[in-house]
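Numbering (the working numbering), first residue to last: 7 to 388.
As structure tokens, then:
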């Protein structure tokens, strides 16, 4: 096993750059409310099928769940693509591998030009959130299963275990950060700019005693960014404290897609969306460019069928995933929104094939496609 590294400088490549593979997580019974467990498994497998058209998929799965994962893959993934979906045994619960999994980076110092690196932020349930604990007055909804102490520890160690097992084409060295964060917090252009919310980073349960200056310095070291565009966000508005990967995404340096919430959305989300837009209009990126902002309309969440126990659903089309030569975006089953979003995104990225994947259970339980994927960047050439 490669020795962890505690110093050095790194760069988080643009998500649109070439990948070795995609990481997905097969949900466990303790991570999803019972009515949504089987639909979530099916949707994750459908996502694997869509991504497999473009690149290999690593479907990390609890050992006890491997027969079920194999069943879903055999039924949902086309036969000619099944060999591109590798089911890998590991202690995993959440399907939200964007947040629980490793964040792969490249060396930026020139000290280790031929080595692979990934950050393990040692996930702590989005700043010690407990959606299953109704005693603290949370309103996440649904009947969330209660994980054991051991299962919570598995979530914390998931990224490290993925890193330890990733040895092809060469072992990965674990980068030890000085902050806690989740991958869904980072909106990066690969050209020096990071967009992020204050609410999910300047946070005592994640980063006790650390100032904004401290956190900014570590983000620059880990991600290789020169400028950070901070948006206010909202604490406790959702379980992530307002990750921005459903609000704004770079599609290339200088150009972002902005998710325009439906007018009937909750007022707090409308306020956050407006704050993001205002911030972006008044900022330049690391290279001094004004940002070109392309709006993508969200569907009205009230039109998405859902359990009465849970009122909110994530309806962002820009919570998509870049693949090699493609982009996989969600479909919520509501027209004309689904078709319009596809057309806008395809026009914005004419060099990529846009594939749409139906999502229902996953958005109801907290995220969409970007939240459930993590890219493994291609190895830098010698």
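Ideal Cβ placement from N, Cα and C applies to all residues, glycine included.
- In the three-state reduction of the DSSP assignment, residue 351 falls in the helix class, which pools H, G and I.
- About 13 Å separates the beta carbon of residue 325 from that of residue 248, a gap too long to meet the 8 Å contact definition.
- In terms of Cβ geometry, residue 188 and residue 36 do not form a close pair [threshold 8 Å].
- Shortest Cα-Cα distance from residue 178 to any of 184, 185, 113 involves 113.
- Here residue 237 is bridged, per DSSP, to 203.
- Restricting attention to 40, 29, 123, 135, the CA atom closest to the CA of residue 51 is found in 29.
- Just measuring C-alpha positions, the residue of 279, 76, 235 sitting nearest residue 32 is 76.
- By the criterion of a C-beta distance shorter than 7 Å, residue 78 is surrounded in its chain by 47, 48, 51, once the five residues flanking it on both sides are discounted.
- Under the DSSP assignment, residue 115 falls outside any alpha helix (DSSP H); it carries neither an H nor an E label.
- Three or more pairs of CB atoms, one per stretch, sit closer than 8 Å, so the stretch 197-213 contacts the stretch 233-241.
- With 16 or more other Cβ atoms inside 10 Å of its own Cβ, residue 337 counts as buried.
- When beta bridges are read from the DSSP output, residue 296 appears opposite 290.
- For the pair residue 184 and residue 224, the CB atoms are nearer than the 8 Å cut-off.
- Excluding five sequence positions before and after residue 180, the CB atoms of its chain that fall closer than 7 Å to its own CB belong to 10, 124, 126, 166, 169, given in chain order.
- 244 is the residue among 282, 64, 244, 367 whose C-alpha sits nearest the C-alpha of residue 206.
- DSSP links residue 262 through a beta bridge to 256, 299.
- Taking C-alpha positions only, residue 332 is separated from residue 294 by approximately 29 Å.
- Shortest Cα-Cα distance from residue 131 to any of 116, 172, 19, 190 involves 190.
- Taking the C-beta atoms as reference points, residue 354 is found no nearer than 8 Å to residue 42.
- The beta-carbon distance between residue 303 and residue 270, rounded to whole angstroms, is 12 Å. This is too long to meet the 8 Å contact definition.
- Cβ neighbours of residue 182 within its own chain (closer than 6 Å, five residues either side excluded): 10, 12.
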